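Asks: Numbering-wise (the numbering used here), the sequence shown opens with residue 1023 and increments by one. Just so it is clear, CB atoms sit at the ideal spot from N, CA and C, and this is done for glycine as well. Since the model is a prediction, treat every value here as computed from it, not as a measurement.
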Amino acid sequence: MQDRLLAALAPYRSAVDYLEIRLERGESSSVSFRGPRLEAIDRSFDLAGGIRACHRGGWSFVTFSDLGELESRVAEAVSQAKLVGRETTQLAAVEAVEATVRAELGRDPRGVSLGEKRDLLAHYNQLLLEADPRIQTTTAGLTDRFRTVWFVNTTGTVLEQERLDVTGRFGVVARDGGTIRQGFESVHSRSDFGALVGIEARVLSAVERALRQLEATPIKAGRYTAVLDPYLAGVFIHEAFGHLSEADFIYENPRMQQLLQLGKPIAAPQLNVVDDGTVAGQPGTLAYDDEGVPTRRKYLIKDGILTERLHNRETAGKLGEAPTGNARALGGTYPPIVRMTNTGILAGDTPFEEMIAGIDEGVYAVRMLGGQTNGEMFTFAAAEGFMIRGGQIAEPVSDITLTGNVFETLKDIEAIGCDQVWLSGGCGKGGQSPLAVAVGGPHLRIGKVVVGGR
Ligand SMILES: [Zn+2]
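1. Would you check if the distance between the CB atom of residue 1367 and the CB atom of residue 1468 is smaller than 8 Å?
2. What residues are listed by DSSP as bridge partners for residue 1372?
3. For residue 1363 versus residue 1328, is the C-beta distance shorter than 8 Å?
4. Check residue 1131 in the structure and name its three-state DSSP category.
5. What are the boundary residues of the alpha helix (DSSP H) that includes residue 1321?
6. Please confirm if the stretch 1426-1436 is in contact with the stretch 1253-1263, defined as three or more CB-CB distances below 8 Å between the two stretches.
7. Under three-state DSSP, which class holds residue 1096?
8. Quick test of your reading: residue 1460 and residue 1187, contact by CB under 8 Å. State the CB separation rounded to the nearest angstrom.
9. Just checking residue 1449 against ligand 1 - is the residue's beta carbon closer than 7 Å to any of the ligand's heavy atoms?
10. Does at least one heavy atom of ligand 1 sit under 7 Å from the Cβ of residue 1268?
11. Go ahead and label residue 1067 buried or exposed: buried means 16 or more other beta carbons lie within 10 angstroms of its beta carbon, across all protein chains shown.
12. Closest by CA to residue 1392, which one among 1283, 1310, 1090 and 1204?
13. Between residue 1398 and ligand 1, is the CB less than 7 Å from at least one heavy atom?
14. Alpha carbons only, please: which of 1153, 1146, 1163 and 1116 is nearest the one belonging to residue 1051?
15. Cβ-heavy atom distance between residue 1261 and ligand 1 below 7 Å?
16. Taking its Cβ as the centre, do 16 or more other Cβ atoms sit within 10 Å of residue 1280, making it buried, or is it exposed?
17. Between the Cα of residue 1334 and those of 1106, 1191 and 1348, spot the shortest distance and give me the residue it belongs to.
18. So, residue 1471 versus residue 1378, is the Cβ gap smaller than 8 Å?
19. Out of 1300, 1158 and 1043, which has the shortest C-alpha to C-alpha gap to residue 1357?
20. Could you tell me which whole beta strand (DSSP E) segments of length 3 or greater appear in the stretch 1398-1441?
21. Counting C-beta neighbours from all protein chains within 10 Å, is the total for residue 1326 16 or more, i.e. buried, or is it exposed?
22. Do residue 1231 and residue 1406 have their CB atoms nearer than 8 Å?
23. Just to confirm the assignment, what range does the alpha helix (DSSP H) spanning residue 1147 have?
24. Quick check: the Cα distance between residue 1181 and residue 1130, rounded to an integer number of angstroms?
25. Indicate, with yes or no, if ligand 2 has a heavy atom lying under 7 Å from the CB of residue 1265.
26. Relative to the C-alpha of residue 1004, which candidate in 1118, 1134, 1061 and 1174 has its C-alpha closest?
27. Assign residue 1283 to one of two classes, buried (16 or more other C-beta atoms within 10 Å of its C-beta) or exposed (fewer than that).
28. Tell me where the alpha helix (DSSP H) around residue 1284 begins and ends.
29. Counting pairs of beta carbons, one from the stretch 1029-1044 and one from the stretch 1131-1139, are three or more of them closer than 8 Å?
30. Have a look at 1440, 1184 and 1175 and flag the residue whose alpha-carbon is nearest the alpha-carbon of residue 1125.
31. Between the C-alpha atoms of residue 1208 and residue 1444, what's the straight-line distance to the nearest angstrom?
32. Where DSSP assigns a beta bridge to residue 1467, which residues make up the other side?
33. Any chance the stretch 1144-1157 sits against the stretch 1082-1098, with 3 or more Cβ pairs inside 8 Å?
34. Identify which residue in 1442, 1078 and 1312 has its Cα closest to the Cα of residue 1251.
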């Protein structure tokens, strides 16, 4: 396949400053239930790609879904880029690579029948439906996607990369009188359908979460010392800080360029934040990004100092910084844009018991239900939470929203747990959602957080 793509590229090697062809072949299946009803069950194959050309700083992006039209589409991309280019192309130099990256496979979902997938999911869905009379409805889904991506460009890079994603998602709605609560759980693997087998306890944790929230009382609004669980800490750093680290955003925003000068103390001195595409088996892990640049571990914050940011080749070239391998596309027909991979806070040295021991009255916020950011401001709703009283976890509370300014909050971090974990997540940007990423964190203690109640 690479030869076919290279042949299509060849006539234009010196016609434009840069040209790439990316082709994705996918094989997917999905099964879903809503309440007791089987909502969808399907298996699909797809083949589609995108061509990007850059000339005098102007970009074009053209998609194709039939290899028969490849040559004409490449010609179209080249002529479009020439029409828009008015400046100078600035792409960070990278070494050409030729590589094949195979997916590591445990039990390959392509060898599992749709019937077996349906029966497995029906079993989990039944557990959720029957777990408690207060469960009103459920959503449950299993999806798997195996893809092969071929990539060639005029830099000389020739890649073939495979990846597998296997995901199970489970949700319930619980009701008691007029109170309605939700609970979720998801399981993800990059290599093994077997990761979805025998996970009854994890599936049922969605029910436990919803029921705990039904029994919780709304938190009284105020400023509290807050302890975030690893998942919420990870989502916080992804949403509130990670997106600000994406250099396309910084490049377009003079105020952020000033706030985000490399070398500047930006957080509590014990804080380390990485974006790391090399963590084994995580959703955001990839050998080469969608511009053929190898991924690596970047310290966005090292010992409280702003150290690196996330680049594609163009933002790295324009800002005069090293490329980071953060150009990612949702699929063959999407252009690569600056994205995160696995983004998280590294472990500190404080055990959880010690972290809450000194808190007279505080809140322990667990997982995330939803949230939004606006520049440096954020608001997150925790999925559940508990009061901390006298250094102990106390009664469950609901309606916890955490609001703040990310730069102030990073400096208000008081303690970092020794219990870092990675969890799968989905990221949305520029109409490309959900992109597979991981968020990571240890427990985190933050002083003086504005907590809204009902
Ligand atoms: Zn995101």
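Replies: Working from what's here:
1. no
2. 1439
3. no
4. helix
5. Looking at the DSSP string, residue 1321 is not in any alpha helix (DSSP H); the run it does join, the beta strand (DSSP E), is 1319-1324.
6. yes
7. Reduced to three states, the DSSP call for residue 1096 is helix.
8. No, residue 1460 and residue 1187 are not in contact; Cβ-Cβ is about 12 Å, not under 8 Å.
9. yes
10. Ligand 1 has no heavy atom closer than 7 Å to the beta-carbon of residue 1268.
11. exposed
12. 1204
13. Residue 1398: no, Cβ never under 7 Å from ligand 1.
14. The option with the nearest alpha carbon to residue 1051 is 1163.
15. yes
16. exposed
17. If you compare the alpha carbons of 1106, 1191 and 1348 with that of residue 1334, the shortest gap goes to 1348.
18. no
19. Ranking 1300, 1158 and 1043 by Cα distance to residue 1357 puts 1043 first.
20. 1399-1411, 1414-1420, 1423-1427 and 1435-1438
21. With 16 or more Cβ atoms within 10 Å of its Cβ, residue 1326 is classed as buried.
22. Their beta carbons are under 8 Å apart, which means residue 1231 touches residue 1406 by this criterion.
23. 1136-1152
24. Cα to Cα, residue 1181 sits roughly 23 Å from residue 1130.
25. This structure lacks ligand 2; the ligands present are ligand 1.
26. Because the chain here runs from 1023 to 1476, residue 1004 falls outside it and cannot be looked at.
27. Counting Cβ neighbours within 10 Å, residue 1283 comes out exposed, since fewer than 16 surround it.
28. It is not in any alpha helix (DSSP H) - residue 1284 carries neither H nor E in the DSSP assignment.
29. no
30. 1184
31. Whole-angstrom Cα-Cα distance: 13 Å.
32. Note: residue 1467 sits in a beta bridge opposite 1249 and 1437.
33. no
34. 1442
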